[in-house]
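>
In our numbering, the protein residues as written are 120 to 328.
Shown next, in the form of structure tokens:
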């Protein structure tokens, strides 16, 4: 069974309190999503392997640590996931970015991909899928399924707010994918929004509410 990590870092929790506020402006909301993603990235990559290296400083040789050959990819689920990308790239400038666009078929209610573009070497990379909200889990589960079909083997899911229903769906469908959230909220309402949540993340990021 996959693990669920809920980050309790004071900076993340402080920024999340402002993010939830319905009075927060589009500009500030967008900036906060990126900042929280950046802080979460720091925690979600804690298990990256290191190797010993020697570095020539102006004063001599320093024995240091560097990330050991791991290649990473960040994959936002469109459109709200785009808001988390800049924060991730700021922490990992050489990371490659893929994109997944999904919509729900009105008849079958199954997620359908309308856009899917990945780095050519995605099967060789550790992938972090990002989406601000893990609500029903349908989109996240489908995104991971499509990634696995391309050969991706090491996948994490990083969301700012999760709901128990979405976590359950993810763990049942993908028990090998660990989940990282800044907060685990109470439940979903009758139309699938997280309560108390923060509303529609995509609308608040792009000012379309």
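For every residue, glycine included, the Cβ atom is placed at its ideal position computed from N, Cα and C.
1) For residue 256, I'd like the list of residues in its chain whose CB is within less than 6 Å of its CB, leaving aside the five on either flank, ordered along the chain.
2) Residue 325: which of 247, 213, 232, 199 sits nearest, CA to CA?
3) Within the same chain, show all residues whose beta-carbon is closer than 8 Å to that of residue 136, passing over the 5 residues directly before and after it, in chain order.
4) When the Cα atoms are used, what is the spatial distance from residue 212 to residue 276?
5) In the DSSP output, which residue or residues are listed as bridge partners for residue 314?
6) Please confirm whether residue 217 and residue 194 have their CB atoms less than 8 Å apart.
7) For residue 183, count neighbouring C-beta atoms within 10 Å of its own C-beta (all shown protein chains included) and say buried if the count is 16 or more, exposed if not.
8) Which two residues bound the contiguous alpha helix (DSSP H) that contains residue 147?
9) So is residue 186 buried or exposed if we call it buried at 16+ other beta carbons inside 10 Å?
10) Taking 8 Å as the cut-off, does the region 122-137 touch the region 149-158 (at least 3 CB pairs, one atom from each stretch)?
11) With distances taken between CB atoms, is the gap from residue 281 to residue 206 smaller than 8 Å?
12) Per DSSP, which residues does residue 253 bridge with? Please list them.
13) For residue 263, does the three-state DSSP call read helix, strand or coil?
14) Between which two residues does the beta strand (DSSP E) holding residue 270 run?
15) In the DSSP assignment, find the alpha helix (DSSP H) that holds residue 204 and state where it starts and stops.
16) Provide the residue(s) that pair with residue 218 in DSSP beta bridges, ordered along the chain.
According to the structure shown:
1) On the chain shown, residue 256 is found 137 positions in, with the first residue counted as 1. Sequence-distant partners of residue 256 (beyond 5 residues in either direction) whose C-beta falls short of 6 Å from its own C-beta, in its chain, are 285, 288, 289.
2) Along the chain shown, one-based indexing puts residue 325 at 206. Cα-wise, what sits closest to residue 325 is 199.
3) Position 17 of the chain shown holds residue 136. Nothing listed; no residue qualifies.
4) If you number the chain shown from 1, residue 212 lands on position 93. If you number the chain shown from 1, residue 276 lands on position 157. So the alpha carbons of these two residues sit roughly 20 Å apart.
5) Along the chain shown, one-based indexing puts residue 314 at 195. Looking at the DSSP assignment, residue 314 forms a beta bridge with 306.
6) Along the chain shown, one-based indexing puts residue 217 at 98. Along the chain shown, one-based indexing puts residue 194 at 75. Against a cut-off of 8 Å, the Cβ pair of residue 194 and residue 217 comes out as a contact.
7) Start at 1 with the first residue of the chain shown, and residue 183 comes out as number 64. Exposed, because fewer than 16 other Cβ atoms sit within 10 Å of the Cβ of residue 183.
8) Residue 147 sits at position 28 when you count from the first residue of the chain shown. Counting along the chain, the alpha helix (DSSP H) containing residue 147 begins and ends at 145-163.
9) Translated into positions along the chain shown, residue 186 becomes position 67. Residue 186 should be labelled exposed.
10) yes
11) In the chain shown, the residue the question calls residue 281 occupies position 162. In the chain shown, the residue the question calls residue 206 occupies position 87. Not a contact, by the Cβ cut-off of 8 Å.
12) Counted from its first residue, the chain shown places residue 253 at position 134. 281.
13) Position 144 of the chain shown holds residue 263. In the structure shown, residue 263 sits in a helix (DSSP, three-state: H, G or I).
14) The residue you call residue 270 lines up with position 151 of the chain shown. From DSSP, residue 270 is part of no beta strand (DSSP E); its letter is neither H nor E.
15) Within the chain shown, numbered from 1, the residue matching residue 204 stands at position 85. That run of the alpha helix (DSSP H) goes 201-210.
16) As a working mapping, residue 218 is identified with position 99 in the chain shown. DSSP, once it has assigned bridges, lists 236 as partnering residue 218.
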